[in-house]
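Trainee: Dumping the structure here so I can ask a few things about it.
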Amino acid sequence: MRFQPHPDRRPVLVAGASSGIGEATARRLAGLGYPVALAARRIDKLTALADELNGAGGEALAVELDVTSTESVASAMRSAQDALGPMEIVVSGAGDLQIGRAHEMSVDEWAAQIDVHLVGAYRLYRAVVPDMIERRRGDFVFISSDVVSHPRPWSSAYVAAKYGVEGLVATAYMELEGTGVRAGLVRPGQTMTGMGMNLDQKATEEMLGDWVEFGLARHGHFLVPDNLAHAVEAMVTLPPGAHMKAVDVEAEGKLTATTSG
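Just so you know, the numbering used here puts 36 at position 47 of the sequence shown, and the rest follows in order with no gaps.
Below is the structure:
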């Protein structure tokens, strides 16, 4: 059986579309003509973004989504597909950040990070991938993190969750082979988003001090969310028959001055 070209219409659901990487990805794909379901908990922000994208000639729909609820995931997927058609692409980027030393965080706080970043991603995957397999096509993009290769103190729950995501995807690569469905990882380095902006200042300062001690804060440059949206675009626009499994995106350090001879 030959791989068929992508269909002309490829509806997308972006989880975490109310801000940051998710919002930038939704904007980029909508600008390219993809019908986009904007999914997150903050429905007011999604509605405003949908109005903006539709006003610019796109096709966007705001869908309330809480990835910690299996019922919410199923409901959001139904609403998106009823309005836009079967989801050809899903980007799993919903998440938040709680910090603390592993021996000091409460069990509930620690487990909540696993539920959002790992189990939440799996809920989305489980809700949509069986239908993709039946159609013999589809892209599911997981937003991971460079903490998998460079774990950081004060982030044990987040690090563990992203390790789990990568374990899920490593298995999915094998299970999806021959189905026409692709799973991919985008691994951002340090990115300027709203995630973590509500953290306690004193704790954040202590955390950054520990990062410096272990050589984990090499420079102060950050990616912008659209840098990651470019990576998602590259992954999902790759023609069928090829598989971009993972893309690592890191911020460039400060340019050095040229030296004259």
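Note that beta-carbon positions come from the ideal geometry of N, C-alpha and C, so glycine has one too.
Could you check what DSSP says for L2 in three-state terms: helix, strand or coil?
Mentor: Residue numbering aside, residue 2 sits at position 13 when the sequence shown is read from its first letter. In the structure shown, L2 sits in a strand (DSSP, three-state: E or B).
Trainee: By DSSP, does D237 sit in helix, in strand, or in coil?
Mentor: Working through the sequence shown from its first residue, we reach residue 237 at position 248. Three-state result, D237: strand.
Trainee: Can you tell me whether DSSP reads L107 as helix, strand or coil?
Mentor: By 1-based counting over the sequence shown, the position of residue 107 is 118. Of the three classes helix, strand and coil, the one that applies to L107 here is helix, per DSSP.
Trainee: Starting from S81 and walking both ways along the beta strand (DSSP E), at which residues does that stretch end?
Mentor: Along the sequence shown, read from residue 1 onward, the residue named residue 81 stands at position 92. Looking at the DSSP string, the run of the beta strand (DSSP E) that includes S81 is 78 to 81.
Trainee: Check for me: the alpha helix (DSSP H) holding A223 runs from which residue to which?
Mentor: The residue labelled residue 223 in the question sits at position 234 within the sequence shown. It spans 214 to 226 - the alpha helix (DSSP H) in which A223 sits, taken as one unbroken run.
Trainee: Which partner residues does G127 have in the DSSP bridge list?
Mentor: Within the sequence shown, the letter at position 138 stands for residue 127. DSSP, once it has assigned bridges, lists V170 as partnering G127.
Trainee: Within the present structure, is the beta-carbon of R126 separated from the nearest heavy atom of the ligand MG by less than 7 Å?
Mentor: The ligand MG is not part of the structure shown, which contains no ligands of any sort.
Trainee: Going by Cα to Cα distance, which pick from A19, Y162, M(-10) is closest to L174?
Mentor: Working through the sequence shown from its first residue, we reach residue 174 at position 185. For L174, the nearest C-alpha among the options comes from Y162.
Trainee: Would you identify the three-state DSSP class for P119, choosing helix, strand or coil?
Mentor: Translated into positions along the sequence shown, residue 119 becomes position 130. Reduced to three states, the DSSP call for P119 is helix.
Trainee: Strictly by DSSP, which residues pair up with R176?
Mentor: Walking along the sequence shown from the start, residue 176 turns up at place 187. R176 is bridged to D237.
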